[in-house]
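In what follows, a single structure is set out as structure tokens and then discussed.
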Amino acid sequence: MQNLEPLGSSELHDILDMTVELMKPNPEDVIIDPAMYSAGFLVSASEYLRRNSYKSSFVSLSFNSSILTIPHR
1 MQNLEPLGSS ELHDILDMTV ELMKPNPEDV IIDPAMYSAG FLVSASEYLR RNSYKSSFVS
61 LSFNSSILTI PHR
């Protein structure tokens, strides 16, 4: 998988919006953004739901790598 960092902000948002349009999410779907870079995917999905007269709701999950660190012996 290529890093999308070299893309400009506008191009990246266009890709995210296009992906969401292809998926056609609905309120019953669970939408996650495993990359957690800028939450751009979640924002695009929320805007899609709003444009299509759906109410959107969010559940926030935080990731803290220090909590998940397992000491090596």
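If you read the sequence shown in UniProt numbering, its first letter stands for residue 1, the second for the next number, and so on.
Beta carbons: idealized from backbone N, C-alpha and C, even for Gly.
The model shown is predicted, which means the values in this text are computed figures rather than measured ones.
CB-CB under 7 Å to residue i, same chain, minus the five flanking residues each way: which ones, in chain order?
i	result
Ile-31	Pro-25, Leu-42 and Ala-45
Gly-40	Leu-12, His-13 and Leu-16
Asp-33	Ala-39, Phe-41 and Leu-42
Please classify residue i as buried or exposed, where buried requires at least 16 neighbouring CB atoms within 10 angstroms.
i	result
Leu-22	exposed
Between the Cα of residue i and the Cα atoms of the options, which residue gives the shortest distance?
i	options	result
His-13	Asn-52, Ser-38 and Asp-29	Ser-38
Val-20	Tyr-48, Tyr-54 and Ser-10	Tyr-48
Just checking: is the beta-carbon of residue i within a distance shorter than 8 Å of some beta-carbon in chain B?
i	result
Leu-22	The structure shown contains no chain B; it is built from a single protein chain.
Out of curiosity, what's the CA-to-CA distance linking residue i and residue j?
i	j	result
Glu-28	Ile-15	23 Å
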